[in-house]
Each structure stands twice: as C-alpha cells, then as structure tokens.
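One structure is given below, encoded as structure tokens.
Residue numbers (the UniProt record's numbering): 1 to 215.
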C-alpha cells in the first residue's frame, strides 16, 4: 500500500482541564492509501501536534509503502529523526504516536489481523487491567483489582495531605495486596517526588506516573 495522505484533526471537546487551556488534548490521525484502506490513530499534543502531522509528517510519509511491520518501524525512525530540529520530546513524540498507531491500524486492516498478531505470537491468555480516575469505590464495584488515582501538585503544602488521603482511601477500598498507582501528569518536581515517596511509603504505591516533565 502506498500512503497518499496523512491528516490530523483536533476534535471539539466539550470539557477540558482549565489549566491545559482549550487546545491541548487528544488528536485523531488518519492515514489514507492508494488501496482505499485507511488507518486511524490517537495522539496527544492538541492543536500544536496537528500542525506537526499536517505540515511536516505528511510530507515525509506520502509516497511511502506500508506492507510490513518493518515499514512501520522504518517510518517511526524517519519521523523521530526528522523531528530533531524542534525537539523529540513532548509534542513531537505525541504527534508521532498518533501516526504510529494509525499505521498499525492500517496494516492490521490490510492483513485482516488484530494488531497484537502483527506484533508477535500470543504469550498470555489474560492481561491485568486497572481503573484510572477519582471514583475509587465505583471502580471496585465494577470488579477492578488495581487502581490509579490522579493527583496534581498546585504548590500548596496541603497537596501532600490530599495525596495521602487519596492513597489511604484507595488502599482501604482495594485492600492491602492491590496495586495502587498515582498519575501526577507532570506536575511534581524532584523535591516533591522525594517528599511524597516518604509520606506515601506506608501505602506501598506500585508506581508514580509522569512525575517530571520530559524536558
């Protein structure tokens, strides 16, 4: 299949986090080919990532073929190297991720296979899952056995207490052996992370997610 177009769009979201403004959320990437098969992927970076895809990545990918996994990995390397002038962290990689997912979707459709079969042979019959968000009790009622709750640092000392309270609640609801995680969405720094790790030690947090910015 030959790529004939790569286009990203930014949906009109009804609700976004105020601190992220109105143009920094998930994008949808569409890859079209000469065979009529189309691949879709989701990435981050909002309106800025749309510009990266439409004005740069599109020009690099049109005319390339996607007939194998090697073609996808080759395209990834191309885009990663090409984004060097404006940084290969943050927006550039979020835009690249949307294109990459669309290429996998494209190849899976063309071969009539789920993407996991393209990646390699199945090694497990089941995979663990967890629920993300603030609705701790509801997630447990749904049957989840692991939970990741959000915590955003606002610069107040009370943020430590908020994190401890959320961790205590999650541990109480899910039990002593459950995996409990925290998603900070890049709002902590080194000193906050060290202090949080001390205050939350008793809750045996499985991981702290996105504590530092990619830069």
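We put the beta carbon where it would ideally sit given N, CA and C, even for glycine.
Item, Value
"Coil, strand or helix - residue 216 by DSSP", "For the chain, the structure presents residues 1 to 215; residue 216 sits outside this window and is missing."
"Sub-9 Å separation of residue 132 and residue 148 beta-carbons", "yes"
"For residue 148, the first and last residue of its enclosing alpha helix (DSSP H)", "Not the alpha helix (DSSP H): residue 148 falls in the beta strand (DSSP E), residues 146 to 150."
"Reduced DSSP category for residue 124 - H, G, I as helix; E, B as strand; rest coil", "coil"
"Span separating the alpha-carbon of residue 66 from that of residue 153", "43 Å"
"At least three beta-carbon pairs within less than 8 Å, the region 75 to 83 to the region 47 to 65", "yes"
"Cut-off 7 Å between Cβ atoms - residues of its own chain near residue 219, not counting five sequence neighbours on either side", "A question about residue 219 goes unanswered here, because the residues of the chain that appear run from 1 up to 215."
"Beta-carbon spacing of residue 175, residue 99 below 9 Å", "no"
"The region 187 to 200 in contact with the region 151 to 170 per 3-pair CB rule at 8 Å", "yes"
"For residue 179, the residue or residues it bridges with in DSSP", "146"
"Residue 35 to residue 5 span [Cα, whole Å]", "12 Å"
"Buried versus exposed call for residue 30 [16 or more other C-beta atoms within 10 Å across all chains shown]", "buried"
"Coil, strand or helix - residue 162 by DSSP", "helix"
"Nonlocal neighbours in the same chain, by C-beta distance under 6 Å from residue 159, ignoring five residues either side", "153"
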